[in-house]
Amino acid sequence: MIRNFARHKLRKSVPIGGLWDFVTEPEVGARNADGLPLQYADRLPVPGCWEKSIRYARYRGRAWYRTYFETGPSAAVRLWFGGVSHTAVVFVDGKEVGKHIGAFTPFSVVLPDLPAGRHELVIHVDNSFDGENRIHLPYFDWFTYGGIIRPVLVEELPETYVERVHVTTMSIDSPARLQLDARFSAVPNAQDLPGQADVEIRSGDDVVWSGPVNVDWEGKQGAAKAVVELDQPRLWSPDDPHLYTVEVRIGEDDLIDRFGVRTVAVRGRELLLNGKPIKLKGFNRHEDHPDWGQAVPGSLMWRDLDIIEATGANFIRGSHYPNNELFLDFLDERGILFWEEATSWQFSAEQLNDPVMIEQELTCIDEMITAHYNHPSIIMWGILNECASDDPESRPAYETLVARIRELDATRPVTYATHRPLKDGCIDLVDIASFNWYAGWYQEDMATWPQWIDKIVEWLDEIGQGDKPIIFSEFGAGGIPGVHSFERQKWSEEYQADFLDTALRAILNHPRVVGAAIWQYCDIRTADDRFAQRPRTFNNKGVVDEYRRPKLAYEVVKRHYGG
Ligand code: ADA
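So for the sequence shown, the working numbering puts the first residue at 5; every next one is plus one.
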């Protein structure tokens, strides 16, 4: 399962997962003239994380994957990668054809004039912490796996093809107004650049809008824009997560995507969905499981959503990176609201002043928003989790990243999770003030929750930022599965349950707070270096453990969230 609907009727698009040849860098023997290995010691599943094969359970570094694919006659071949962790160099028939930094965003390589036939595909994958990568670092409080962690596709393209289509809801009253923005490309020696593309919008099987749209070409890049009016739109919402389909055809190529007709907005202290205030009750969720690492299969994603929804939650924060698009498809279908953020974790002001790292963050933002724009479940974009937002030296980085998000998407609110309340210096740049706070775990006593919320709210008012929605984007306590204590000591399931009971009562009942995201949904593996503060080398703040077995806290959350 790659996506939960067909993306094409015309374009040939073939998944090439399966067992690929594999060899780690130190095991490479003889190489060819281009430096590629001649022999591969092993075979590993793709998608997958190599740490989930016992031989490579503790391997960190560089490794080679190889497979073969067949193509028919076409003007170009596109290789699409859903995510390679965390750096990939791509070789086709021995030649380097592409490179990508960042584990969690899709990228592709287009090869014009690749002859029909059998081709060798080699990927040099790197999860080490040296080299050019600046956005996956060894101190993060989650484990950075190695491997081709998301699916791979081989696509055959004609001379002109659809790159993407973005659909924006401009207004929802009948007739709803939608803005359509489609982008096209042509291969370098394309003869004919069609002046029109055809668009069809469907609700279920009914075509509700169709028409030709004009395509303007600049060189080999084409763009088409149109305003679409829909009578009696069926709005997307958690109660009725209705999805429309948009199909774009140009010449012999097509692309199908799904969208929801809905608006998200901030009005003063309120967060509005379709013009009505919403309250977010949710969890932070990492993509991780002891058996699959970050290459979480679709069936587990679906089960995670069962477990989350059964608490009464309506919201997930995808901490701390862009999520697998299949998961986003599921959120769209189930009507669960989502905060998606670009990859980051506790960067210092010095790191935020490194132009290479900012470039990599910008690429991550570009790829995330371009690919995920149409998902109605995404109701806000996030950046820079717990970075040095209190240091004036960091401000330019916040300004640059927020500006890029607004340039790519003017419709969704922007936020970042700060753990520096009372001294943060960038909240004026974003639409929602989001706080990570751990009163009763890292700070003081859990009984101080109500006072802390008041203090944070007063401080926001004092700095002139009080007219914004407030989210508690993280709060949680470690509960080691199976550890019980009459004394309700830290690390026991009882302490964790008490903590969440106290924090949720304070957060959900506070009139100024519109959202809560518990840290966290499930226990996750963390970086080895964190062993001293993280028993089992896990972040143990999940309300279910790493195998999704409930802890005492799960029922407590359910009572608060109304499940
Ligand atoms: C931070 C961070 C999380 C996690 C959490 C914790 O708030 O954003 O990724 O590390 O703390 O468990 O301490």
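Every residue gets a Cβ at the ideal spot worked out from N, C-alpha and C, and that includes glycine.
query: Would you give the residue range spanned by the beta strand (DSSP E) that Met174 belongs to?; result: 164 to 175
query: Going by DSSP, name the residue or residues bridged to Leu125.; result: Thr71, Val96
query: Under three-state DSSP, which class holds Thr28?; result: strand
query: Verify whether the separation of the beta carbon atoms of Glu411 and Gly386 is less than 8 Å.; result: no
query: Is Glu256 closer than 8 Å to Leu14 when the C-beta atoms are compared?; result: yes
query: In whole angstroms, give me the CA-to-CA distance for Glu550 and Leu556.; result: 15 Å
query: Can you tell me whether His379 sits near the ligand ADA, meaning its C-beta is under 7 Å from at least one heavy atom of the ligand?; result: no
query: With a CB to CB cut of under 6 Å and the five nearest residues on each side skipped, what residues in its chain are close to Ser438?; result: Thr419, Ala421, Ile475, Ser477
query: Taking Gln355 as part of the alpha helix (DSSP H), name the residues at either end of that continuous run.; result: 353 to 356
query: Considering only their Cβ atoms, is the gap separating Ser348 from His376 smaller than 8 Å?; result: no
query: Going along the chain, which residues of its own chain have a beta-carbon closer than 7 Å to the beta-carbon of Ser496, five neighbours each way excluded?; result: Gly483, Val487, His488, Ser489
query: DSSP state of Ser438, grouped into three classes?; result: strand
query: Under the three-state reduction of DSSP, which class applies to Lys16: helix, strand or coil?; result: strand
query: Less than 8 Å separating the beta-carbons of Lys285 and Ala317?; result: yes
query: Ignore the nearest five residues each way along the sequence and tell me which others in Thr404's own chain have a CB closer than 8 Å to its CB.; result: Ile362, Leu366
query: What is the DSSP secondary structure of Tyr248, reduced to helix, strand or coil?; result: strand
query: Would you say the region 81 to 90 touches the region 104 to 124, given that touching needs at least three Cβ pairs under 8 Å?; result: yes
query: Give, in chain order, every unbroken run of the alpha helix (DSSP H) that is at least 4 residues long and sits entirely within the region 254 to 317.; result: 302 to 313
query: Taking 8 Å as the threshold, find out whether the region 183 to 203 comes into contact with the region 142 to 152 through three or more Cβ pairs.; result: no
query: Work out the CA separation of Leu356 and Ser28 for me, nearest whole Å.; result: The sequence shown places Thr at residue 28, rather than the Ser named in the question. Spanning the two alpha carbons is a distance of roughly 32 Å.
query: Are the CB atoms of Val252 and Val191 nearer to each other than 8 Å?; result: no
query: Taking the DSSP output, what are the residues bridged to Trp495?; result: Gly483
query: Given a cut-off of 8 Å, decide if Leu184 and Ala227 are closer than it, judged by their beta-carbon atoms.; result: no
query: Smallest Cα separation from Arg538: which of Glu498, Tyr446, Trp453?; result: Tyr446
query: How would you call Val360, buried or exposed, if buried means at least 16 neighbouring beta carbons within 10 angstroms?; result: exposed
query: Nearest to Asp471 by alpha carbon, out of Asp25, Ile436, His423?; result: Ile436
query: In terms of DSSP beta bridges, what is Pro237 paired with?; result: Partner(s): none; Pro237 has no beta bridge.
query: For Ile460, I'd like the list of residues in its chain whose CB is within less than 8 Å of its CB, leaving aside the five on either flank, ordered along the chain.; result: Pro425, Leu426, Phe439, Trp441, Ile474
query: Excluding five sequence neighbours on each side, which residues of the same chain lie with their C-beta closer than 8 Å to the C-beta of Ser214?; result: Asp202, Val203, Glu204, Ile205
query: From Ala407 to Pro326, what does the alpha carbon distance come to, in whole angstroms?; result: 18 Å
query: Does the region 116 to 134 come into contact with the region 259 to 277, if we say contact requires no fewer than three beta-carbon pairs (one atom in each stretch) closer than 8 Å?; result: no
query: Compute every distance between the C-beta of Trp306 and the non-hydrogen atoms of the ligand ADA, then say whether any falls below 7 Å.; result: no
query: Do you know how far the Cα of Phe331 is from the Cα of Leu277?; result: 21 Å
query: Ends of the beta strand (DSSP E) at Phe111?; result: 111 to 116
query: Smallest Cα separation from Glu390: which of Cys430, Lys494, Asp413, Pro400?; result: Cys430
query: Contact between the region 45 to 65 and the region 288 to 297: three or more CB pairs below 8 Å?; result: yes
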